[in-house]
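*Asks:* What follows is a structure written as structure tokens; I'll ask about it next.
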Amino acid sequence: MDKKTIIKTLEKIALYMELQGENPFKVSAFRKAAQVLELDARSLAEMDNILSLKGIGAATGSVIEDLINVGESSLLVELQSTVPSGLLPMLKIPGLGGKKIAKLYKELQIDSIEALKEACETNKVQALAGFAAKTEVKLLAEIENLQSKPERTAVWQLEPIVAMIESKLAAIPAIDKFSVAGSYRRVKEASKDIDFIIATATPKEVREELLKVLPVLKIIAAGDTKVSITLGGEQEVDVDFRLVEARQYASALNHFTGSKDHNIKMRQIAKEQGKKISEYGVELEDGTVVHFESEKDFYAYFNLPFIPPTVREDGSELTKLDQLSKLITLDDIKGDFHMHTTWSDGAHSIEEMIEASRTKGYSHIVITDHSNYLKVANGLSKERLLKQMETIKEINAKYTDIEVFSGTEMDILPDGSLDFEDEILKQLDFVIASIHSSFSQPQEKIMERLQTAMKNPYVHMIAHPTGRIIEQRDGYNPDVPTLIEWAKEYGKILELNASPYRLDLKTEHLKLVVEAGVPIAINTDAHHIDQLKYMEIGVRYAQKAWLHKENVVNTWTLEQFKQFIQK
DNA sequence: GCCGTTTTCGGCCCGACTGTTTTCAGTCG
């Protein structure tokens with residue numbers, strides 16, 4: 001029996017209980033028990049006192065004992081035999097929760113989305129107390145919608161939408177200030193919706209403006225403080241706007257940035273002090289409400305350092321406050337080691353990339369165009385690469401404030417060989433090895449290819465190690481723990497590719513890399529000067545894995561970097 | 001269902017919005 005299975009079982013039990021219309025506190029007790037296990041860093045074998053953990057009592061404890069002793073939970077088995085599995089997907093229908101689904105099942109024997117659709121169409125649902133004609137229409141629309149709209153939208157799809165909304169909000173005079181909040185602000189890879197906080201003295205006016213200037217497909221809700229809409233366009237997405245007074249802004253921003261778990265932890269802390277946190281401020285026992293100028297002030301009020309949005313996740317961040325000052329920040333970044341120019345598939349010349357990098361304040365960068373194999377990207381032949389090296393040398397001589405190194409993003413070919421011979425590689429300052437082809441090979445073959453690169457003495461780094469595109473393709477499925485072991489053995493850098501399409505390696509893998517003590521480079525893989533800005537999302541994503549400055553190659557000084565690439 | 005150094009019973013984070021009601025339940029974040 002492993003911990004994951006126990007956690008999953010407890011969560012599944014909670015789900016089934018919800019579908020029975022159970023007491024929500026009872027349901028959340030099972031979720032909490034699952035979370036207690038999740039947050040405990042120890043493996044199942046290392047935990048000798050599971051049943052004495054806070055949050056695990058008689059009922060949840062017996063589920064765990066069942067799983068360890070028998071291999072299955074009698075409670076879950078019982079629930080599964082009484083609750084039809086067809087009710088589970090019904091929870092995905094907006095407007096339907098456990099109570100209503102339980103009622104629909106109990107009164108009308110509705111046990112699937114299909115059955116619900118039919119019952120609505122034949123007007124059987126409106127006969128139930130608490131349901132009416134309008135509900136049937138809404139349910140039918142939501143069921144219809146369920147197939148067409150994806151559950152989560154990737155960060156790279158949201159990015160241009162957020163930018164569009166920001167430009168619209170900036171042009172509304174009645175808005176004092178605004179910020180994106182929610183999981184997008186926490187740099188989650190994908191989000192269910194986008195949240196915005198708006199400070200205004202005239203919320204009604206702003207509400208009307210919003211509905212006018214945005215490409216609204218559907219209004220989900222439009223109250224005095226909340227406007228929820230579905231935006232049309234290439235990518236349909238739900239957006240929530242919260243309209244608050246200027247003095248409530250910091251509290252609202254904090255509240256709607258979440259995460260939910262982080263907020264709950266903060267509220268518990270406040271409660272112990274006899275205070276109450278809401279999205280409008282902190283209420284004291286005598287009823288007065290304290291407001292804050294900024295989120296920093298809000299945390300300071302509870303004697304806490306500023307906690308960046310990116311690490312506000314499962315609540316465990318409040319036990320790692322001593323690490324906050326070591327977290328990697330954009331200010332620590334001294335260089336970018338993976339970018340393309342017009343020599344291969346980039347949009348800008350070497351000089352333009354250098355100039356754009358100088359405005360970032362970098363002390364060193366590496367130009368890494370594609371190699372010969374990648375014809376679609378105009379990959380460089382060895383002759384062109386040698387010529388580029390000369391060109392970079394000449395250009396570099398013109399600059400005193402930035403050092404430009406010659407590199408390559410060399411393909412690891414499908415047959416496991418490398419695209420350039422050692423004779424060429426040893427002349428380069430920095431060598432990246434990447435897989436761009438034959439993703440569907442069996443894992444052993446993929447690992448064989450990666451190992452060839454790892455063993456090559458002239459390779460410095462493996463780029464986008466899994467090849468994933470967020471929410472779109474999984475990549476080539478390497479055995480990442482083994483890859484990390486090799487990186488340690490052969491002294492290689494692993495990349496956190498900062499392109500929002502990739503964010504590769506992902507958080508859970510980055511944590512392993514840190515544990516192994518393998519250096520990580522955060523690189524934009526920029527094909528355009530505008531994409532150099534991806535360093536920011538990369539750094540903020542790295543914070544989610546609690547990457548410290550010392551784990552990240554980009555924080556090294558020019559001298560330290562030179563030493564590494566020369567060995 | 002779980003918890004407890006004011007508590008073994010009563011509260012569990014808190015508030016907005018909708019659709020159903022005619023003062024509130026359910027859902028959502």
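In case it helps, the UniProt record's numbering puts the first sequence at residues 1 to 567. Cβ atoms here follow ideal geometry from the backbone N, Cα and C, with glycine treated the same way.
(1) Would you kindly check if the distance between the Cβ of residue 378 and the Cβ of residue 344 is under 8 Å?
(2) Can you give the Cα-Cα distance for residue 214 and residue 492, rounded to whole angstroms?
(3) Give the single residue among 404, 376 and 399 whose Cα lies nearest to the Cα of residue 389.
(4) Of all the options 99, 296 and 277, which has the alpha carbon lying nearest to the alpha carbon of residue 288?
(5) Note the first and the last residue of the continuous beta strand (DSSP E) segment covering residue 177.
(6) If we call anything under 8 Å between Cβ atoms a contact, is residue 93 one with residue 142?
(7) For the pair the stretch 495-508 and the stretch 460-472, tell me if three or more CB-CB distances fall below 8 Å.
(8) Using the Cβ count rule (16 or more neighbours within 10 Å means buried), how would you classify residue 23?
(9) So for residue 276, helix, strand or coil by DSSP?
(10) Is residue 506 helix, strand or coil when you go by DSSP?
(11) Output the distance between the C-alpha atoms of residue 140 and residue 165, rounded to the nearest integer angstrom.
(12) Please report the straight-line C-alpha distance between residue 65 and residue 52, rounded to a whole angstrom.
(13) Out of 510, 463, 508 and 447, point me to the one whose CA is closest to residue 595's CA.
(14) Using beta-carbon positions only, say whether residue 557 and residue 549 come within less than 8 Å of one another.
(15) So what's residue 569 in DSSP terms, helix, strand or just coil?
(16) Cβ of residue 336 within 8 Å of Cβ of residue 365?
(17) In terms of alpha-carbon separation, which member of 375, 349, 424 and 47 lies closest to residue 386?
(18) Rounded to the nearest angstrom, how far is the Cβ of residue 146 from that of residue 203, given a contact under 8 Å?
(19) Measuring CB atoms only, is the stretch 97-110 touching the stretch 46-61, in the sense that at least three cross pairs come out at less than 8 Å?
(20) Return the chain-ordered list of same chain residues with a C-beta closer than 6 Å to the C-beta of residue 577, the five sequence neighbours on each side being excluded.
(21) As a quick exercise: from 39, 327, 525 and 553, pick the residue whose alpha carbon is nearest that of residue 540.
(22) Of the choices 333, 457, 280 and 261, whose alpha-carbon is the least far from that of residue 418?
(23) At what residues does the alpha helix (DSSP H) containing residue 410 begin and finish?
(24) The alpha helix (DSSP H) spanning residue 208 covers which residue range?
*Replies:* Based on what the coordinates show:
(1) Cβ distance < 8 Å, so residue 344 and residue 378 count as in contact.
(2) Distance between the alpha carbons of residue 214 and residue 492: 48 Å.
(3) Ranking the options by Cα distance to residue 389, first place goes to 404.
(4) Nearest option by C-alpha distance: 277.
(5) Residues 175-181.
(6) Cβ distance < 8 Å, so residue 93 and residue 142 count as in contact.
(7) Yes, the stretch 495-508 is in contact with the stretch 460-472.
(8) By the 10 Å Cβ count, residue 23 comes out exposed.
(9) The answer is strand: DSSP assigns residue 276 an E or B state.
(10) The answer is coil: DSSP assigns residue 506 none of H, G, I, E or B.
(11) If I take the Cα positions, the gap works out to 30 Å.
(12) So the alpha carbons of these two residues sit roughly 12 Å apart.
(13) Since the displayed the chain opens at 1 and closes at 567, residue 595 lies outside it and no answer follows.
(14) Contact flag unset, no.
(15) Summary: the structure shown does not reach residue 569, with the chain confined to residues 1 through 567, and so no result is reported for it.
(16) A Cβ-Cβ contact shorter than 8 Å links residue 336 with residue 365.
(17) That would be 424, whose Cα lies nearest to the Cα of residue 386.
(18) The Cβ separation is near 32 Å, so there is no contact.
(19) No, because fewer than three Cβ pairs between the stretch 97-110 and the stretch 46-61 fall closer than 8 Å, the two stretches do not touch.
(20) Because the chain here runs from 1 to 567, residue 577 falls outside it and cannot be looked at.
(21) The shortest Cα separation from residue 540 among 39, 327, 525 and 553 belongs to 327.
(22) Residue 457 is the option with its Cα nearest to residue 418.
(23) Run containing residue 410: none in the alpha helix (DSSP H); it sits in the beta strand (DSSP E), 403-411.
(24) Element bounds for residue 208: 203-213.
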